[in-house]
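S.K.:
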Amino acid sequence: MDELATEEASQPFSSTAAALVLREACSVVGASSTNATLMRLGENAIFSVQHPSLVVRIARSRGHLRDAEKEVRVARWLERCEVPAARLYPVEQPILVGAHPVTFWQKVADTGDKASASALGAALRLVHDCGIDDAVGLPRLDIFGRVGDRLSKAANVSPKVLDFLHSHLGDLRTAYAALSFPSPPVALHGDAHVKNLICTPDNEAILIDFEAFCFGPPEVDLSVTATEYEIGWHSPEDYHAFCEAYGADVREWSGFQVLRDINLFKMTTWLMQNVGESDLHAEEFDRRLATLRHPAVRSQWQPF
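Heads up, the sequence shown is in my numbering, so the first residue is 1084 and it goes up one at a time.
(1) Suppose the cutoff is 7 Å on Cβ atoms and the five residues either side in sequence are ignored; what does the same chain contact list for ASP1274 look like?
(2) May I ask whether a heavy atom of the ligand MG can be found less than 7 Å away from the beta carbon of GLY1146?
(3) So, at 6 Å on beta carbons, what are the nonlocal neighbours of ASP1332 in its own chain, with the 5 sequence-adjacent residues on each side left out?
(4) Contact defined as beta carbons within less than 8 Å: I believe ARG1137 pairs with LYS1190. What is the distance between those atoms, to the nearest angstrom?
(5) I think PHE1096 touches ARG1143, with their Cβ atoms under 8 Å apart; what is that distance to the nearest whole Å?
(6) Sorted by chain position, which residues of the same chain lie with C-beta nearer than 8 Å to THR1089's C-beta, five sequence neighbours on each side aside?
(7) Tell me which residue opens and which closes the alpha helix (DSSP H) that PRO1345 is part of.
(8) Tell me the DSSP secondary structure of ASN1279 in three-state form.
(9) Here's the rule I'm using: 16 or more other beta-carbon atoms within 10 Å means buried, otherwise exposed. How should GLU1175 be labelled?
(10) On the DSSP bridge assignment, give the partners of HIS1134 in chain order.
(11) For VAL1341, collect the residues of the same chain with a Cβ closer than 7 Å to its Cβ; drop the 5 residues on either side in sequence, then sort them by chain order.
(12) Quick one: is HIS1147 near chain D, going by C-beta distance under 8 Å?
(13) Taking GLY1125 as the reference, give the member of ARG1376, LYS1349, HIS1211 and LEU1103 with the closest Cα.
(14) Applying the criterion that 16 or more other CB atoms from any shown protein chain within 10 Å of the CB defines a buried residue, is SER1306 buried or exposed?
(15) Mark ALA1379 as exposed unless 16 or more other C-beta atoms lie within 10 angstroms of its C-beta, in which case mark it buried.
(16) I want to know whether the region 1163 to 1171 touches the region 1205 to 1221 - three or more CB-CB distances under 8 Å.
(17) Out of curiosity, what's the CA-to-CA distance linking GLU1162 and LEU1171?
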(Lines of atoms letter the chains of each structure in order from A and count residues from 1; the text may use other names and numbers.)
(Lines give C-alpha, C1' and ligand atoms only; values in the text may rest on other atoms or scores of the structure.)
Protein backbone atom coordinates (compact mmCIF):
# COMPACT_ATOMS: atom_id res chain seq x y z
CA MET A 1 0.00 0.00 0.00
CA ASP A 2 1.48 3.42 -0.98
CA GLU A 3 1.90 6.37 1.39
CA LEU A 4 -1.29 8.13 0.28
CA ALA A 5 -3.43 5.01 0.55
CA THR A 6 -1.96 4.26 3.97
CA GLU A 7 -2.76 7.77 5.14
CA GLU A 8 -6.36 7.51 3.92
CA ALA A 9 -6.88 4.21 5.65
CA SER A 10 -5.32 5.27 8.95
CA GLN A 11 -7.05 8.57 9.72
CA PRO A 12 -10.06 10.71 8.83
CA PHE A 13 -9.77 13.62 6.42
CA SER A 14 -7.53 16.25 8.00
CA SER A 15 -5.08 18.97 7.03
CA THR A 16 -2.25 16.42 7.19
CA ALA A 17 -4.04 13.88 4.99
CA ALA A 18 -5.06 16.60 2.53
CA ALA A 19 -1.45 17.71 2.13
CA LEU A 20 -0.52 14.23 0.89
CA VAL A 21 -3.34 14.33 -1.66
CA LEU A 22 -2.22 17.79 -2.77
CA ARG A 23 1.31 16.60 -3.49
CA GLU A 24 0.10 13.88 -5.83
CA ALA A 25 -2.58 16.06 -7.45
CA CYS A 26 -0.03 18.75 -8.26
CA SER A 27 2.30 16.20 -9.83
CA VAL A 28 -0.52 15.10 -12.17
CA VAL A 29 -0.98 18.60 -13.62
CA GLY A 30 2.67 19.65 -13.57
CA ALA A 31 2.41 21.96 -10.57
CA SER A 32 4.47 22.06 -7.38
CA SER A 33 3.00 21.65 -3.90
CA THR A 34 6.12 23.17 -2.32
CA ASN A 35 5.18 26.11 -0.09
CA ALA A 36 1.46 25.56 -0.75
CA THR A 37 -0.83 27.20 1.80
CA LEU A 38 -3.95 25.64 3.31
CA MET A 39 -6.62 28.32 2.90
CA ARG A 40 -9.56 26.46 4.38
CA LEU A 41 -10.58 23.05 5.71
CA GLY A 42 -14.27 22.24 5.57
CA GLU A 43 -16.17 20.11 3.08
CA ASN A 44 -13.01 20.54 1.01
CA ALA A 45 -9.38 21.26 1.74
CA ILE A 46 -8.52 24.35 -0.30
CA PHE A 47 -4.88 25.08 -1.04
CA SER A 48 -3.14 28.03 -2.67
CA VAL A 49 -0.30 26.82 -4.90
CA GLN A 50 2.52 29.11 -6.05
CA HIS A 51 4.02 27.41 -9.14
CA PRO A 52 1.99 27.88 -11.22
CA SER A 53 -0.41 30.21 -9.44
CA LEU A 54 -3.62 28.27 -8.86
CA VAL A 55 -6.06 27.06 -6.22
CA VAL A 56 -6.61 23.34 -5.60
CA ARG A 57 -9.80 21.98 -4.02
CA ILE A 58 -9.66 18.50 -2.52
CA ALA A 59 -12.92 16.81 -1.54
CA ARG A 60 -13.29 14.55 1.48
CA SER A 61 -14.23 11.34 -0.30
CA ARG A 62 -15.04 9.62 -3.58
CA GLY A 63 -18.70 10.19 -2.74
CA HIS A 64 -18.16 13.86 -3.63
CA LEU A 65 -17.11 13.10 -7.21
CA ARG A 66 -20.47 14.03 -8.74
CA ASP A 67 -20.36 17.36 -6.94
CA ALA A 68 -16.86 18.02 -8.29
CA GLU A 69 -18.06 17.20 -11.83
CA LYS A 70 -21.01 19.54 -11.32
CA GLU A 71 -18.66 22.32 -10.12
CA VAL A 72 -16.83 22.14 -13.41
CA ARG A 73 -20.07 22.36 -15.43
CA VAL A 74 -21.36 25.24 -13.28
CA ALA A 75 -18.12 27.20 -13.66
CA ARG A 76 -18.40 26.98 -17.44
CA TRP A 77 -22.08 28.00 -17.31
CA LEU A 78 -21.39 31.02 -15.08
CA GLU A 79 -18.66 32.10 -17.50
CA ARG A 80 -21.15 31.89 -20.38
CA CYS A 81 -23.62 33.96 -18.30
CA GLU A 82 -20.85 36.51 -17.61
CA VAL A 83 -21.36 36.23 -13.85
CA PRO A 84 -18.25 37.43 -11.97
CA ALA A 85 -17.14 34.04 -10.66
CA ALA A 86 -14.10 31.79 -10.30
CA ARG A 87 -12.78 30.33 -13.56
CA LEU A 88 -11.31 26.88 -14.09
CA TYR A 89 -7.60 26.27 -14.53
CA PRO A 90 -7.11 24.88 -18.08
CA VAL A 91 -6.58 21.17 -17.35
CA GLU A 92 -8.81 18.13 -17.71
CA GLN A 93 -10.78 17.82 -14.48
CA PRO A 94 -11.89 16.74 -11.99
CA ILE A 95 -9.32 14.08 -11.23
CA LEU A 96 -9.32 11.39 -8.56
CA VAL A 97 -6.34 11.09 -6.23
CA GLY A 98 -6.89 8.02 -4.12
CA ALA A 99 -10.44 8.48 -2.84
CA HIS A 100 -10.42 12.25 -3.28
CA PRO A 101 -11.90 14.25 -6.20
CA VAL A 102 -9.70 17.25 -7.01
CA THR A 103 -10.41 20.40 -9.03
CA PHE A 104 -8.07 23.20 -10.14
CA TRP A 105 -8.92 26.90 -10.36
CA GLN A 106 -7.38 30.12 -11.60
CA LYS A 107 -6.25 32.13 -8.61
CA VAL A 108 -8.22 35.34 -8.09
CA ALA A 109 -6.36 38.49 -7.03
CA ASP A 110 -7.53 38.97 -3.46
CA THR A 111 -7.32 42.16 -1.41
CA GLY A 112 -8.01 40.13 1.72
CA ASP A 113 -10.98 42.35 2.51
CA LYS A 114 -14.20 40.78 3.70
CA ALA A 115 -16.89 41.03 1.03
CA SER A 116 -19.91 43.10 1.95
CA ALA A 117 -23.34 41.64 2.50
CA SER A 118 -24.64 43.95 -0.23
CA ALA A 119 -22.13 42.44 -2.70
CA LEU A 120 -23.47 38.99 -1.83
CA GLY A 121 -27.06 40.16 -2.36
CA ALA A 122 -26.13 41.51 -5.79
CA ALA A 123 -24.29 38.29 -6.71
CA LEU A 124 -27.26 36.13 -5.70
CA ARG A 125 -29.58 38.33 -7.74
CA LEU A 126 -27.39 37.71 -10.82
CA VAL A 127 -27.28 33.94 -10.25
CA HIS A 128 -31.00 33.62 -9.54
CA ASP A 129 -31.80 35.61 -12.69
CA CYS A 130 -29.64 33.40 -14.95
CA GLY A 131 -31.61 31.20 -17.29
CA ILE A 132 -31.21 27.53 -16.43
CA ASP A 133 -29.07 25.64 -18.93
CA ASP A 134 -30.20 22.00 -18.95
CA ALA A 135 -26.68 20.93 -19.90
CA VAL A 136 -25.45 22.04 -16.48
CA GLY A 137 -27.48 19.22 -14.95
CA LEU A 138 -28.35 20.97 -11.70
CA PRO A 139 -29.85 18.54 -9.17
CA ARG A 140 -32.96 19.32 -7.17
CA LEU A 141 -32.25 20.89 -3.81
CA ASP A 142 -31.58 18.41 -1.03
CA ILE A 143 -31.43 20.85 1.85
CA PHE A 144 -30.13 18.26 4.30
CA GLY A 145 -27.48 17.16 1.82
CA ARG A 146 -24.51 15.65 3.59
CA VAL A 147 -25.84 15.98 7.12
CA GLY A 148 -26.63 12.28 7.45
CA ASP A 149 -23.18 11.37 6.17
CA ARG A 150 -21.58 13.74 8.66
CA LEU A 151 -23.43 12.07 11.52
CA SER A 152 -22.59 8.55 10.37
CA LYS A 153 -18.88 9.41 10.09
CA ALA A 154 -18.64 11.57 13.21
CA ALA A 155 -15.46 11.15 15.23
CA ASN A 156 -14.62 12.57 18.66
CA VAL A 157 -18.33 13.00 19.41
CA SER A 158 -20.12 11.08 22.15
CA PRO A 159 -23.02 8.67 21.44
CA LYS A 160 -25.28 10.87 23.57
CA VAL A 161 -24.55 13.90 21.40
CA LEU A 162 -25.12 11.88 18.23
CA ASP A 163 -28.46 10.63 19.55
CA PHE A 164 -29.54 14.22 20.13
CA LEU A 165 -28.41 15.31 16.67
CA HIS A 166 -30.25 12.44 14.98
CA SER A 167 -33.43 13.28 16.89
CA HIS A 168 -33.14 16.99 16.10
CA LEU A 169 -32.57 16.19 12.43
CA GLY A 170 -35.82 14.20 12.39
CA ASP A 171 -37.72 17.18 13.80
CA LEU A 172 -36.23 19.50 11.20
CA ARG A 173 -37.12 17.17 8.35
CA THR A 174 -40.74 17.14 9.51
CA ALA A 175 -40.89 20.94 9.77
CA TYR A 176 -39.28 21.41 6.35
CA ALA A 177 -41.70 19.01 4.68
CA ALA A 178 -44.59 21.21 5.83
CA LEU A 179 -43.24 24.40 4.19
CA SER A 180 -44.87 26.04 1.18
CA PHE A 181 -42.44 28.30 -0.67
CA PRO A 182 -43.72 31.58 -2.17
CA SER A 183 -41.23 31.79 -5.09
CA PRO A 184 -40.60 29.60 -8.15
CA PRO A 185 -37.34 27.59 -8.16
CA VAL A 186 -34.12 29.04 -9.57
CA ALA A 187 -30.46 28.09 -9.76
CA LEU A 188 -29.16 28.25 -6.18
CA HIS A 189 -25.60 28.76 -5.03
CA GLY A 190 -26.39 26.47 -2.11
CA ASP A 191 -23.76 27.86 0.28
CA ALA A 192 -24.43 31.57 -0.01
CA HIS A 193 -22.31 33.49 2.48
CA VAL A 194 -19.80 36.32 2.16
CA LYS A 195 -16.79 34.00 2.55
CA ASN A 196 -17.72 32.65 -0.87
CA LEU A 197 -16.93 36.02 -2.44
CA ILE A 198 -13.41 37.31 -3.12
CA CYS A 199 -12.79 41.06 -3.26
CA THR A 200 -10.36 42.02 -6.02
CA PRO A 201 -8.18 45.14 -6.42
CA ASP A 202 -10.54 46.14 -9.25
CA ASN A 203 -13.43 46.38 -6.75
CA GLU A 204 -15.11 43.27 -8.08
CA ALA A 205 -16.69 40.61 -5.90
CA ILE A 206 -15.94 37.19 -7.40
CA LEU A 207 -18.22 34.29 -6.55
CA ILE A 208 -16.53 31.00 -5.60
CA ASP A 209 -17.38 27.48 -4.36
CA PHE A 210 -19.90 25.86 -6.71
CA GLU A 211 -20.23 22.34 -5.33
CA ALA A 212 -23.60 23.01 -3.66
CA PHE A 213 -25.26 24.52 -6.76
CA CYS A 214 -28.74 23.13 -7.24
CA PHE A 215 -32.29 23.95 -8.36
CA GLY A 216 -34.68 25.16 -5.68
CA PRO A 217 -36.47 28.05 -3.93
CA PRO A 218 -34.46 31.31 -3.73
CA GLU A 219 -35.47 31.66 -0.08
CA VAL A 220 -32.96 28.92 0.75
CA ASP A 221 -30.00 31.00 -0.48
CA LEU A 222 -31.32 34.15 1.17
CA SER A 223 -31.86 32.44 4.50
CA VAL A 224 -28.12 31.94 5.06
CA THR A 225 -27.31 35.63 5.44
CA ALA A 226 -30.51 36.17 7.40
CA THR A 227 -29.46 33.41 9.81
CA GLU A 228 -25.99 34.91 10.16
CA TYR A 229 -27.60 38.26 10.91
CA GLU A 230 -29.66 36.71 13.68
CA ILE A 231 -26.56 35.21 15.35
CA GLY A 232 -24.72 38.52 15.20
CA TRP A 233 -22.45 38.09 12.21
CA HIS A 234 -23.94 41.07 10.31
CA SER A 235 -24.97 44.48 11.57
CA PRO A 236 -28.52 45.74 10.98
CA GLU A 237 -27.09 48.17 8.42
CA ASP A 238 -25.26 45.42 6.54
CA TYR A 239 -28.27 43.14 6.53
CA HIS A 240 -30.49 45.95 5.24
CA ALA A 241 -27.96 46.56 2.45
CA PHE A 242 -28.06 42.85 1.56
CA CYS A 243 -31.86 42.96 1.27
CA GLU A 244 -31.73 46.16 -0.77
CA ALA A 245 -29.17 44.69 -3.19
CA TYR A 246 -31.18 41.53 -3.69
CA GLY A 247 -34.63 43.10 -3.58
CA ALA A 248 -36.27 41.08 -0.79
CA ASP A 249 -36.03 40.22 2.91
CA VAL A 250 -36.60 36.50 3.50
CA ARG A 251 -37.23 37.14 7.21
CA GLU A 252 -40.62 38.58 6.25
CA TRP A 253 -41.71 35.09 5.13
CA SER A 254 -43.37 32.95 7.80
CA GLY A 255 -41.32 29.90 6.86
CA PHE A 256 -37.97 31.55 7.51
CA GLN A 257 -37.64 30.25 11.07
CA VAL A 258 -37.59 26.67 9.80
CA LEU A 259 -34.83 27.51 7.31
CA ARG A 260 -32.93 29.34 10.07
CA ASP A 261 -33.06 26.30 12.35
CA ILE A 262 -31.88 24.05 9.52
CA ASN A 263 -28.99 26.43 8.81
CA LEU A 264 -27.97 26.42 12.48
CA PHE A 265 -28.00 22.62 12.48
CA LYS A 266 -25.94 22.41 9.30
CA MET A 267 -23.43 24.97 10.60
CA THR A 268 -23.03 22.89 13.75
CA THR A 269 -22.55 19.55 11.98
CA TRP A 270 -20.17 21.18 9.48
CA LEU A 271 -17.93 22.24 12.36
CA MET A 272 -18.33 18.83 14.02
CA GLN A 273 -16.19 17.32 11.25
CA ASN A 274 -13.18 19.28 12.50
CA VAL A 275 -13.47 19.03 16.28
CA GLY A 276 -10.15 17.16 16.35
CA GLU A 277 -8.28 20.00 14.63
CA SER A 278 -7.93 22.20 17.74
CA ASP A 279 -9.40 23.11 21.13
CA LEU A 280 -10.97 26.18 19.50
CA HIS A 281 -12.90 23.98 17.08
CA ALA A 282 -14.08 21.74 19.92
CA GLU A 283 -15.12 24.66 22.10
CA GLU A 284 -17.09 26.27 19.29
CA PHE A 285 -18.82 22.99 18.51
CA ASP A 286 -19.92 22.75 22.14
CA ARG A 287 -21.19 26.35 21.99
CA ARG A 288 -23.23 25.66 18.87
CA LEU A 289 -24.54 22.39 20.27
CA ALA A 290 -25.77 24.25 23.37
CA THR A 291 -27.73 26.60 21.09
CA LEU A 292 -29.43 23.67 19.38
CA ARG A 293 -30.37 22.21 22.75
CA HIS A 294 -31.58 25.52 24.22
CA PRO A 295 -32.48 27.99 21.41
CA ALA A 296 -33.63 30.68 23.84
CA VAL A 297 -30.14 30.85 25.41
CA ARG A 298 -28.17 31.69 22.28
CA SER A 299 -24.55 32.73 22.85
CA GLN A 300 -22.41 34.51 20.26
CA TRP A 301 -21.15 32.01 17.67
CA GLN A 302 -17.64 32.39 16.31
CA PRO A 303 -17.15 31.99 12.56
CA PHE A 304 -14.67 29.45 11.18
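Just so you know, even glycine gets a beta-carbon here, dropped at the ideal spot from N, CA and C.
Every value quoted in this text rests on a predicted model; they were computed, and no experiment measured them.
M.R.: From the atom records:
(1) Residue numbering aside, residue 1274 sits at position 191 when the sequence shown is read from its first letter. Cβ within range, chain order: ASP1292 and ALA1295.
(2) Of the ligands one can find in the structure shown there are none, so the ligand MG has no counterpart to examine.
(3) Working through the sequence shown from its first residue, we reach residue 1332 at position 249. If we look at ASP1332 and ignore the five residues flanking it on each side, its Cβ neighbours are CYS1326.
(4) On the sequence shown, position 54 is the one that residue 1137 refers to. On the sequence shown, position 107 is the one that residue 1190 refers to. The sequence as given places Leu at residue 1137; Arg does not occur at that position. The pair is a contact, with the Cβ atoms about 6 Å apart (cut-off 8 Å).
(5) Translated into the one-based positions of the sequence shown, residue 1096 becomes position 13. Translated into the one-based positions of the sequence shown, residue 1143 becomes position 60. Yes, they are in contact, since the Cβ atoms of PHE1096 and ARG1143 sit about 5 Å apart, within 8 Å.
(6) In the sequence shown, counting from the first residue as 1, residue 1089 sits at position 6. For THR1089, the pLDDT reaches just 43, beneath the cut-off of 50, and the residue's location in the model is therefore unreliable, leaving the point undetermined.
(7) Stepping through the sequence shown from its first residue, residue 1345 is reached at position 262. Per the sequence shown, residue 1345 should be read as Ile rather than Pro. Start and end: 1339 to 1355.
(8) Residue numbering aside, residue 1279 sits at position 196 when the sequence shown is read from its first letter. Looking at ASN1279 - three-state DSSP - the assignment turns out to be helix.
(9) Here residue 1175 refers to the residue found at position 92 when the sequence shown is read from its first residue. Label assigned to GLU1175: exposed.
(10) By one-based count along the sequence shown, residue 1134 stands at place 51. For HIS1134, which the question treats as bridged, DSSP gives the partners SER1115.
(11) Position 258 of the sequence shown, counting from 1, holds the residue named residue 1341. Cβ within range, chain order: ALA1258, TYR1259 and LEU1262.
(12) You won't find chain D in this structure, because it holds only one protein chain.
(13) One-based indexing of the sequence shown puts residue 1125 at position 42. Considering only alpha carbons, the answer is LYS1349.
(14) Against the sequence shown, residue 1306 aligns to sequence position 223. That one is buried.
(15) Walking along the sequence shown from the start, residue 1379 turns up at place 296. Counting Cβ neighbours within 10 Å, ALA1379 comes out exposed, since fewer than 16 surround it.
(16) yes
(17) Taking the sequence shown and counting its residues from 1, one reaches residue 1162 at position 79. Taking the sequence shown and counting its residues from 1, one reaches residue 1171 at position 88. Roughly 10 Å separates the two Cα atoms.
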